[in-house]
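Trainee: Residue numbering for the sequence shown is 48 to 392, as defined by this note's numbering.
In this text, a Cβ means the ideal position worked out from N, Cα and C, and glycines have one as well.
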Amino acid sequence: MPIVPTNVYNLESTEQGTLVTLRLEQLTLREIQLPLKEPFRISSGIQSIRRILLLELEDADGVTVWSECVAPEEPNYTSEAIDTAWLAIKNWVAPRLLGRTFDEPAQVFPALELHFRGHLMAKAAVEMGMWALDATRLGVPLAARLGGVRTCIEVGISLGIQTTPAALVERAGRAALAGYRKIKIKIEPGSDVEYIRAVREALGPDAPLMADANNAYSLDDAARLEELDELGLMMIEQPLAWDDLARHAELQRRLKTPICLDESITSVDRVEDMLALGSGRIVNIKPGRVGGFAASIAIHDLCARNQIPVWCGGMLESGVGRAYNVALASLPNFVLPGDLSPGSR
């Protein structure tokens, strides 16, 4: 698969000193473009090329790691996009961290949050790299540094919206034969109940199916979504608007199928709101969406204390980003298969 570099930017610390604990001395940004093997369609559009922002972090001893910013090309998932992330890292994230010493990587995210709102994907790209830099310096696996305990991670696959139910059945059948432990089916109004029913009939009652709506529905569609209850789904992911926990709670009261929140969960506070309102029963943790590993661990721990299972979602990352996701998914409450399919896809 060709990797096309499109831009490079280098930032260095202007301070001199001896590295005592964790200190970022140089940060290099590189944008590449990865063509997808096939177009990926969800309710908000179709993607065939993935622009990716890669970061190279280096400390004063020359230890180097790579990380990835998962911001999409357009602000259609959150308010961030790859161009705004580049600007945020260059102008605000890097200047806060370059040359600064930390006792541990968990201190990085609070430093980035102080009087600096939003831009969570930009913050996460550097914050996660700092965790990796610390793990590399200590000579331990990143998963262990995060507190991971799992040595085997179950994975799922995400299937984009297909043109016909038959086409979806064919794709889902191949996924089942490949051994994926969760088959996520993207849906939108008009491509939902009949499509999933066809897959259920083809694969049988035990196939691990779920639906992902990417905010495509409203409460006016509740009766339609209730039809999914009869299809034995693991969950319905983010059926309503990303910022509407109240209506998700109303919908969850009408559904037997658990609602999984994705875009709605941007912080620990949002999980607490979800718990208070009853807006969902499962959480998809994407470290880029919440600001990095420290926030992801806090969300994981809160969910574990409240018997809320979690899984690690994907953002069409390169192998760099997927490696970070696998490390996070080794934590004990990641009990559901994540979107961690191989880079060959």
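#1: Is T84 buried or exposed, if buried means 16 or more other CB atoms sit within 10 Å of its CB?
#2: In three-state DSSP terms, what is G385?
#3: By a C-beta neighbour count over all protein chains shown, 10 Å radius and 16 as the cutoff for buried, is D106 buried or exposed?
#4: In chain order, what residues of the same chain have a beta carbon less than 8 Å from the beta carbon of L298, not counting five sequence neighbours either side?
#5: Return the CA-CA distance between T68 and F149, expressed in angstroms with no decimal places.
#6: Over the uninterrupted beta strand (DSSP E) stretch that includes I136, give me the two end residues.
#7: Would you report the Cα separation of R300 and E72, rounded to the nearest angstrom?
#8: Measure the C-alpha to C-alpha separation of N372 and V246 and round it to an integer number of angstroms.
#9: For a quick check, are the C-beta atoms of L387 and R97 less than 8 Å apart?
#10: At which residues does the alpha helix (DSSP H) containing W178 begin and terminate?
#11: Report yes if the C-beta distance between M281 and L256 is below 8 Å; otherwise report no.
#12: Can you tell me whether DSSP reads G64 as helix, strand or coil?
#13: Taking the beta carbon of M162 as the centre, do at least 16 other beta carbons fall within 10 Å, making it buried, or is it exposed?
#14: Starting from the N-terminal side, write out each stretch of the beta strand (DSSP E) that is 3 residues or longer and does not extend beyond the region 323–362.
#15: Whose CA, out of E201, A158, I232 and A222, lies closest to the CA of S377?
#16: DSSP three-state call for M321: helix, strand or coil?
#17: Just the C-alpha distance for Y227 and D259, rounded to the nearest angstrom, thanks.
Mentor: Quick look at the numbers:
#1: The displayed chain sequence assigns Lys, not Thr, to residue 84. It is exposed - the Cβ of K84 has fewer than 16 other Cβ atoms within 10 Å.
#2: Note: G385 maps to strand in three-state DSSP.
#3: It counts as buried.
#4: L266, A269, L272, P286, L287 and I306
#5: 6 Å
#6: Neither: I136 is in no beta strand (DSSP E) and is coded neither H nor E.
#7: 51 Å
#8: A direct Cα-Cα distance of roughly 28 Å separates N372 from V246.
#9: no
#10: L167 to L185
#11: yes
#12: Interpretation of G64 is limited by its pLDDT of 45, a score under 50 that renders its predicted location unreliable; the figure taken from the coordinates is listed afterwards. G64: coil per DSSP, three-state reduction.
#13: According to the sequence provided, residue 162 is His. The question's Met does not apply to it. With fewer than 16 other Cβ atoms within 10 Å, it is exposed.
#14: 329–332 and 357–359
#15: Here the closest residue by C-alpha is E201.
#16: Here M321 sits in helix by DSSP.
#17: 17 Å
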